[in-house]
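If you read the sequences in order, they're chains A and B.
Residue numbering for the first sequence follows my numbering, starting at 35 and increasing by one per position.
Residue numbering for the second sequence follows my numbering, starting at 35 and increasing by one per position.
Cβ atoms here follow ideal geometry from the backbone N, Cα and C, with glycine treated the same way.
Nothing here was measured: the structure is a model prediction, and the numbers come from that model.
Number of protein chains: 2
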Amino acid sequence: MKGSARSRSVRDVAAHAGVSVGTVSNVLNRPDAVAPATRARVQRAIAELGFVPNESARQLRGGHSRTIGLVVLDVGNPFFTDVAKGVEDAVTEAGLTVILCDSAEQVEREYRYLDLLEAQRVKGVLITPVEGVSKRLRALRQHDIPVVLVDRFASTRNVCSVSVDDVYGGELAAAHLVEQGHRRIAFVGGPFGLKQVQDRYDGARRIVLRAGLPEAALVMVEVPALTFQSGLAAGARIAEMTPGDRPTAAFCANDLLAVGLLQEMTRRSLRAPDDLAIVGYDDIVFAAAAAVPLSSVRQPREQLGRAAAELLLEEATDGANHRHRRLVFEPDLVVRDSSDLSVAARPAAPLDALADGTRAAAGNEETGGSVETDRGA
Amino acid sequence: MKGSARSRSVRDVAAHAGVSVGTVSNVLNRPDAVAPATRARVQRAIAELGFVPNESARQLRGGHSRTIGLVVLDVGNPFFTDVAKGVEDAVTEAGLTVILCDSAEQVEREYRYLDLLEAQRVKGVLITPVEGVSKRLRALRQHDIPVVLVDRFASTRNVCSVSVDDVYGGELAAAHLVEQGHRRIAFVGGPFGLKQVQDRYDGARRIVLRAGLPEAALVMVEVPALTFQSGLAAGARIAEMTPGDRPTAAFCANDLLAVGLLQEMTRRSLRAPDDLAIVGYDDIVFAAAAAVPLSSVRQPREQLGRAAAELLLEEATDGANHRHRRLVFEPDLVVRDSSDLSVAARPAAPLDALADGTRAAAGNEETGGSVETDRGA
DNA sequence: AGGTGGTTTTGAAACGTGTCATCTAGTAGC
DNA sequence: GCTACTAGATGACACGTTTCAAAACCACCT
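Shown next, in the form of C-alpha cells:
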C-alpha cells in the first residue's frame with residue numbers, strides 16, 4: 035500500500051472524468067466557462083485522484099512564474115523579517131508566492147540568488163542590494179524582470195524604490211530631546227560611511243541648530259559599528275566625561291547601541307532618564323523590554339514591504355508604459371521611559387499601566403507614516 | 035535601446051554557436067562530454083546572448099524540482115531564522131534551493147503552503163507542523179514527497195524527525211541552580227499544553243528530587259503564555275511572596291519570560307543574581323544584552339536545521355529503501371551573570387572581560403550537543 | 001427542415017529543456 | 001585500403017500545462 039504511482043496529470047483527470055484535457059484546464063482556470071454538471075464531475079475526479087497541478091508546466095506554458103523574489107541583507111534582522119511579512123501579505127493577496135533569499139551582505143551570494151531567481155523566471159525582484167545597483171541588477175531589468183529597491187532611495191529615475199526618511203527620523207529624535215530640556219546631546223553612531231548613520235546625524239544636527247543651540251551642543255560619540263559592543267564602549271566614554279562636558283541625553287543611531295549603552299550605564303549605577311536620557315532607532319522588539327523601556331524611532335516596516343510589493347506588481351502588470359516611482363515613508367517616534375523625564379521620579383507605576391503602554395505602542399504600528407510620492411519623468 | 039526581446043532559449047544559443055540543442059544541453063549538464071573547442075564556443079554564445087536556463091522547463095522535464103520547502107511557525111522568531119540558516123547552508127551545498135514559508139501558527143496557512151510546495155513538486159519538505167502530523171502531511175508523503183519534522187519528536191516511526199531534548203535542558207538549568215546552593219527554585223512557565231514547557235518542567239523536577247530536596251522546593255509559577263508580559267506578571271508574583279516562601283532562583287521556560295521577570299525585579303530594586311538568580315531558555319540574542327546578562331539554555335539551532343536538511347536529502351536520494359530516523363540533540367547551558375553568584379559582589383569587571391565572555395559563548399556555538407540516533411524498524 | 005446564435009467541449013500546438021538512440025568522423029590496427 | 005572502435009554531435013521526442021480555433025451541441029425561430 036506504499037509508494038503510490040507517479041503523480042497524476044491533467045490527462046489522468048480527464049480520462050477519469052470522461053472529458054478532454056482542455057475542459058479540465060478550464061475547470062482549473064476559468065470555472066465559469068464550463069457547465070456546472072461537468073465542472074462537478076471534473077472536480078470529483080480531481081479529488082479522487084489527489085491531483086495537484088504541476089506549477090512548472092504552468093510556468094513553462096505561461097512564460098513566467100507566479101512568484102516574486104525578495105533578497106534581503108540578513109534574515110536574522112527583525113527589520114527585514116517585518117518587511118518580509120508586509121511583502122508576503124501583499125503578494126499573497128495577489129495570488130502569488132515569495133521566494134525569500136538572504137544575501138548575508140555578500141555580493142557573491144546576492145548574485146547567486148539573482149541567477150536563481152532569473153532561472154525561475156520570477157515575475158519581479160525586491161531587493162536591498164549589498165552595494166548599489168550593480169550590472170547584474172541592470173541585466174535583470176534588461177531581461178524584462180522588474181526590480182524595486184527596498185530601504186534604498188534610487189539614485190536614478192529608472193527604477194522604483196521604497197525607503198524611509200532617515201533625516202526626518204533624526205529630526206524627530208533630536209526635537210524630542212530638545213523639548214525635554216536637554217541642551218547637550220550625544221550622537222552615538224558610526225561608521226559615517228553608512229548613509230543611514232549620516233542622515234540620522236544630519237537630521238539631529240539640523241534640529242539642534244534650528245533650536246538656536248551652538249554646534250557643540252551635539253556631542254559626537256563615533257563608534258566603529260552599530261553593535262551592542264560598541265554601545266558598551268560608548269557608554270564607558272560618556273560616563274567618564276567630566277560632569278561639565280557630559281551630555282544629559284544620547285541619541286543612538288540604532289537600538290543595539292542604545293541597549294549596550296544602557297547596560298553600561300546600569301552597571302555604573304547611572305540611571306535613565308535621570309542621569310542620561312536615551313533614544314534609540316529601529317524600535318526592535320527588545321526596546322520595550324530593556325531594563326528601562328527604550329524610546330525609539332520606528333520605521334513602518336511592514337508597510338514598507340507592502341508598498342514595495344505593490345509597486346512591483348504594478349510594474350509587472352503595466353509593462354513598458356510604467357512610470358517609476360520613489361516612495362519615501364516617514365518614521366515616527368515612540369516615547370518610553372528612557373527619555374521621558376516625567377517618569378523620572380519613578381512612581382511605583384502599577385503593572386497594568388506599564389503593560390498598557392507597551393500594548394498601545396504596538397497597536398500604533400498600523401498607522402504608519404504618511405507617504406510622499408515622487409513621480410518619475 | 036530598452037525592452038530587449040523575450041528571453042533567449044537553448045535553441046537561440048545553439049543557432050548562435052552553430053551547434054545543435056543537444057550539445058548546448060550537454061555543455062550545461064555534462065561539460066566533459068563535449069569537446070573543449072565546442073564547449074568554449076557554446077559558452078561564449080551563452081555569455082553573448084545573456085542566456086539563463088529556464089528552471090521550469092528543467093523541472094518539467096526532470097519530473098522534480100531542485101528545491102525543498104521549509105515551513106516554520108514564525109519567521110520573526112530567531113529560533114527559526116537560525117534553523118533556516120542551517121537548512122540553507124546544507125541545501126545550498128547540495129546545489130539546491132530553499133523556499134521559506136511562514137505558517138504563522140495557522141493551520142490554513144500551513145495547508146496553503148503545502149499545496150504550493152506540492153504544486154512546485156519540491157524534492158522534500160521540512161516542517162514544524164502547527165498541530166501534529168495532519169492528513170494533509172500524510173498525503174504529501176503518499177505523493178512521494180519526503181517530509182522531515184523539525185523541532186518535533188515524531189510519534190511514529192514512519193517519518194524522520196529532528197528535535198532537541200527539552201527534559202535534558204530542564205535538568206541542566208535546575209542542576210546548575212542547585213549547585214549554586216539554591217534550595218527554593220521557581221519554575222516560571224506555561225501553558226503546560228505545550229510539550230516543551232512540560233518537558234522542561236519535568237527535567238527540572240527530576241533534578242530537584244534527585245538532589246534529595248522536597249517536592250515543594252520547586253515552586254510553580256504558572257503563566258498563560260511564553261511572553262514578555264507574562265514575565266512581568268510572574269516577577270510581581272514572586273516579588274510579593276513573603277520572604278520565607280520566596281524562592282532564591284527562577285528557571286524560566288523561555289527567555290522572553292526571563293527578560294520580563296528581570297525588568298520587573300529591576301523596577302522593584304531587586305537584583306539578579308543576589309536577590310533572585312535567573313536562568314532562561316533559548317539563548318536569544320538579547321539574553322547577553324539584558325540589563326544583567328542572562329544565563330540561558332541554548333539549543334543547537336543551526337545544527338538542527340542542517341541535520342534536518344541532510345536527513346531530507348538522504349531520504350530523497352535513497353527512495354523507498356530509506357530507514358527513518360529520529361535525531362535528538364542536546365542543548366547546553368550558558369552561564370552568565372544572572373545566575374552566577376561569584377559575580378554577585380559585582381566587581382567593576384573591566385569592559386574587555388565582559389566583551390570576551392560574550393564572544394566566548396558565541397564561539398561555543400559550533401560545538402553543539404551530541405547526537406543520539408534512533409533507527410526505525 | 002433548415003437556419004441562427006449561443007454555450008460547451010474538443011484536441012492539437014507550443015512553451016524550453018534533458019535524454020538517448022543514432023549518426024558522423026576520426027584514428028588505430030592490420 | 002579496409003575494419004573496428006571511440007569520442008563527439010545530432011535531433012526527435014516527452015514532460016504537463018494553457019490556449020484557441022474549430023467542432024459539437026442545443027434551443028429557438030422562421
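Neighbour list for residue i in chain A, Cβ cutoff strictly below 8 Å
i	result
Gly87/B	Per the sequence shown, residue 87/B should be read as Pro rather than Gly. Going along chain A in sequence order, the residues near Pro87/B (Cβ under 8 Å) are Ala153.
Val117/B	Those within 8 Å of Val117/B in chain A number zero; the least Cβ separation is about 11 Å.
Ser99/B	Ser90
Glu122/B	Asp136
Close Cβ partners of residue i (< 8 Å) along its chain, the five nearest in sequence each way excluded
i	result
Arg53/A	A small correction: the amino acid at residue 53/A is Val; Arg does not occupy that position in the sequence shown. Result list for Val53/A: Thr72, Arg75 and Val76, in chain order.
Leu206/B	Gly237, Val331, Pro365, Asp366 and Leu367
Leu291/B	Val222, Gly223, Val257, Leu260, Thr261, Phe262, Ser264, Gly265, Ala268 and Gly314
Glu336/B	Asp116, Val117, Lys119, Gly120, Asp123 and Glu399
Val164/A	Leu107, Ser137, Glu139, Gln140, Val141 and Glu144
Thr101/A	Leu130, Thr131, Val132, Ile133, Gln154, Val156 and Lys157
Alpha-carbon to alpha-carbon, residue j and residue i
i	j	result
Val492/A	Lys169/A	With chain A covering only 35 through 411, there is no way to say anything about residue 492/A.
Leu338/A	Ala283/B	43 Å
Val68/A	Gln154/B	26 Å
Phe113/B	Asp316/B	8 Å
Asn88/B	Val156/B	16 Å
Pro180/A	Val159/A	6 Å
Ile219/B	Val326/A	26 Å
Tyr145/A	Leu83/A	41 Å
Val184/B	Val167/B	12 Å
Arg340/B	Thr126/B	11 Å
For residue i, the three-state DSSP class (helix, strand or coil)
i	result
Glu274/A	coil
Phe262/A	helix
Arg332/B	strand
Val53/A	coil
Ile241/B	helix
Gly314/A	strand
Arg42/B	coil
Phe113/A	helix
Phe363/A	strand
Phe320/A	helix
Ser168/A	coil
Ile179/B	coil
Gly84/B	coil
Ala379/A	Summary for Ala379/A: the model assigns pLDDT 44, below 50, so the residue's position carries little reliability; its value from the coordinates is reported in the next sentence. If DSSP states are grouped into helix, strand and coil, Ala379/A belongs with coil.
Thr351/B	helix
Ala283/A	strand
Leu326/B	Per the sequence presented here, residue 326/B reads as Val, with Leu not at that position. The answer is coil: DSSP assigns Val326/B none of H, G, I, E or B.
Gly223/B	strand
Asp390/A	Note that Asp390/A has pLDDT 30, beneath the 50 cutoff, so the model's placement of it is unreliable and the number below is only indicative. Here Asp390/A sits in helix by DSSP.
Neighbour-count burial assignment, residue i, 16 or more Cβ in a 10 Å radius
i	result
Leu260/B	buried
Arg357/B	exposed
Arg301/B	buried
Ala245/B	exposed
Ala79/A	buried
Leu243/B	exposed
Asp308/A	exposed
Asp279/B	exposed
Met299/B	buried
Gly103/A	buried
Proximal residues of chain B, C-beta to C-beta of residue i below 8 Å
i	result
Val293/A	Phe320 and Ala323
His177/A	Ser38, Ser41, Gly84 and Val86
Cβ-based neighbour list, residue i, same chain, cut-off 7 Å, excluding 5 preceding and 5 following
i	result
Leu295/B	Val222, Gly265, Ala268, Gly269, Ala284, Cys286 and Ile312
Ser216/B	For the sequence presented, residue 216/B should be read as His rather than Ser. For His216/B, where only same-chain residues beyond five positions count, the Cβ hits under 7 Å are Thr282, Ala283 and Ala311.
Ala306/B	Leu296, Met299, Ile312, Val326 and Ser372
Near the ligand HEM: residue i beta-carbon under 6 Å from a heavy atom
i	result
Thr276/B	Inclusion of the ligand HEM in the displayed structure is not the case, the ligand content being empty and no account of it being possible.
Contact set for residue i: own chain, Cβ-Cβ below 6 Å, skip 5 residues either direction
i	result
Tyr147/A	Val105 and Cys135
Phe187/A	Ser195 and Ser197
Phe226/A	Gln232
Chain-ordered neighbours of residue i on chain B, where CB pairs are closer than 9 Å
i	result
Leu62/A	Here the premise fails: no neighbours, minimum Cβ distance about 11 Å.
Thr300/A	Thr300, Ala325 and Val326
Within chain A, the residues that residue i reaches when beta carbons sit closer than 7 Å
i	result
Leu134/B	Leu134
Thr131/B	Leu150
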